[in-house]
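Q: Below are the C-alpha cells for one structure; questions will follow.
Residue numbers (the numbering used here): 438 to 725.
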C-alpha cells in the first residue's frame with residue numbers, strides 16, 4: 438500500500454539522518470522502533486487529545502495567514518481586503534520548503550512524517566546513547582528530506598520547526614506511555630552466527646539485512662530473534678559459498694533451533710526482497 442511505502446520512506450530517512458549524525462546503530466534502531474510504534478498506537482488507539490496535537494494544525498492566526506501552496510485564478514476576483522493582503526505577500530506566493538513542512542502538514546504525509554522522524558531521532562539519542570542537539574537533528578533530517586536545500590538558518594521559521602519538533606516529542610512520549618524500550622536483533626545475530634560457526638562475510642551480510650529489515654514492517658511483525666535467524670538464513674542463500682560450518686547446523690531446518698519456523702523465513706524474505714528491489718526507496722540511501 439502507498440501508506441506503507443510512505444512509512445518506509447520516512448524510516449529510510451531516519452536511518453540516513455542517523456548516519457549523517459554518526460549515531461550508534463542501536464540508537465538509530467531505537468528511533469525506527471519508536472517511529473513505527475508511535476504510528477501504530479495512533480492508528481489503533483486514537484486519542485482525541487493526541488490526534489489534535491499530532492495533526493500539526495497552526496497554533497496561531499499568524500501561521501494561518503501563511504501563503505498558499507497553490508495559486509488559483511479566482512484569487513484575483515476576491516474582496517479588496519483579501520487582495521491587499523495577497524499583494525503584500527505576492528513575492529512569496531509559492532511556499533518555500535520550510536513552509537511546506539510546517540503550513541500544510543495535515544494534508545501532506547511527508548511533512549507529518551518529517552516532524553515525527555526528527556522527534557523520534559532526537560528522543561532516541563536521549564533514551565539510548567549518542568544524543569545530538571536539536572539543531573543538529575533538525576538540520577540533518579531537513580537535509581535528508583530536502584537534499585537540494587541549504588541548511589536551515591537561525592530564523593523565525595527555524596524556531597518554528599524546532600518548537601514543533603519538541604512538541605511532537607512530547608506527543609510521542611505520551612502516546613507511548615513513556616515506554617522507550619525497543620528490542621534489537623543485533624545481539625541475537627552475533628549469538629546465532631557464533632553458534633552456527635558463520636564466516637565473517639555471512640555475519641556481516643546478516644547484520645546488514647537486519648539494518649534493512651528495521652526500515653520495513655518486519656520490525657513490528659516479527660520478534661528480534663526471528664529477524665536475526667531469518668537474516669542469517671537469507672544471507673546464507675545469497676552467499677552459497679559460505680555455509681554454516683557447524684556440523685549440527687547443516688540440516689535445512691537449522692533455524693528451528695532458534696525458535697523460527699519456515700513461514701517466518703518466507704515472510705521475512707518476501708518483505709525484505711520487495712524493499713531491497715524498490716528503486717524508489719534505494720535511491721534514498723546514501724552511498725557509502
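Where is the CB? At the ideal position from N, CA and C, for every residue including glycine.
Thinking C-beta only, is residue 668 closer than 8 Å to residue 647?
A: Their beta carbons are under 8 Å apart, which means residue 647 touches residue 668 by this criterion.
Q: As a quick exercise: from 480, 449 and 673, pick the residue whose alpha carbon is nearest that of residue 643.
A: Selected option, being the one with the closest Cα: 673.
Q: For residue 562, which of helix, strand or coil comes out of DSSP?
A: Here residue 562 sits in helix by DSSP.
Q: Have a look at residue 637 and residue 623 and give me their C-alpha separation to the nearest angstrom.
A: For residue 637 and residue 623, the distance between alpha carbons rounds to 15 Å.
Q: My parser needs the alpha helix (DSSP H) runs of 4 or more residues fully inside the segment 605 to 692; what are they?
A: List check, alpha helix (DSSP H) in window: 623 to 632, 637 to 650, 655 to 658 and 661 to 675.
Q: Quick one: give me the first and last residue of the alpha helix (DSSP H) that residue 475 is part of.
A: Its alpha helix (DSSP H) spans residues 462 to 481.
Q: Thinking just about the alpha-carbon of each residue, which of 650, 629, 639 and 712 is nearest to the one in residue 696?
A: If we check each option's Cα against that of residue 696, 629 comes out closest.
Q: Of the residues 598, 461, 694 and 627, which one's Cα is nearest the Cα of residue 561?
A: The residue with the shortest Cα to Cα distance from residue 561 is 461.
Q: Return yes when the Cβ of residue 709 is within less than 8 Å of the Cβ of residue 649, no when it is not.
A: Contact flag set, yes.
Q: Use the C-beta contact count for residue 707: other C-beta atoms within 10 angstroms, 16 or more gives buried, fewer gives exposed.
A: Residue 707 is exposed by the Cβ-count criterion.
Q: In whole angstroms, give me the CA-to-CA distance for residue 451 and residue 632.
A: Each residue's alpha carbon lies about 32 Å from the other.
Q: Please report how far the alpha carbon of residue 456 lies from the alpha carbon of residue 478, in whole angstroms.
A: Distance between the alpha carbons of residue 456 and residue 478: 27 Å.
Q: With burial defined as no fewer than 16 other Cβ atoms inside 10 Å of the residue's Cβ, what is the status of residue 579: buried or exposed?
A: Buried, by the Cβ-count rule.
Q: Would you call residue 388 buried or exposed, if buried means 16 or more other Cβ atoms sit within 10 Å of its Cβ?
A: The structure shown does not extend to residue 388, since the chain is modelled only from 438 through 725, so no value can be given for it.
Q: When you compare each of 577, 584 and 617 to residue 598 by their alpha carbons, which one comes out closest?
A: Ranking the options by Cα distance to residue 598, first place goes to 577.
Q: If we count the other Cβ atoms within 10 Å of its Cβ and call it buried at 16 or more, is residue 700 buried or exposed?
A: Exposed is the call here.
Q: Would you mind giving the Cβ-Cβ distance between residue 617 and residue 458, rounded to the nearest angstrom? I have them listed as a contact below 8 Å.
A: Actually they do not touch by this definition, with Cβ atoms about 18 Å apart.
Q: Can you tell me the Cα-Cα spacing of residue 670 and residue 600, whole angstroms?
A: Whole-angstrom Cα-Cα distance: 45 Å.
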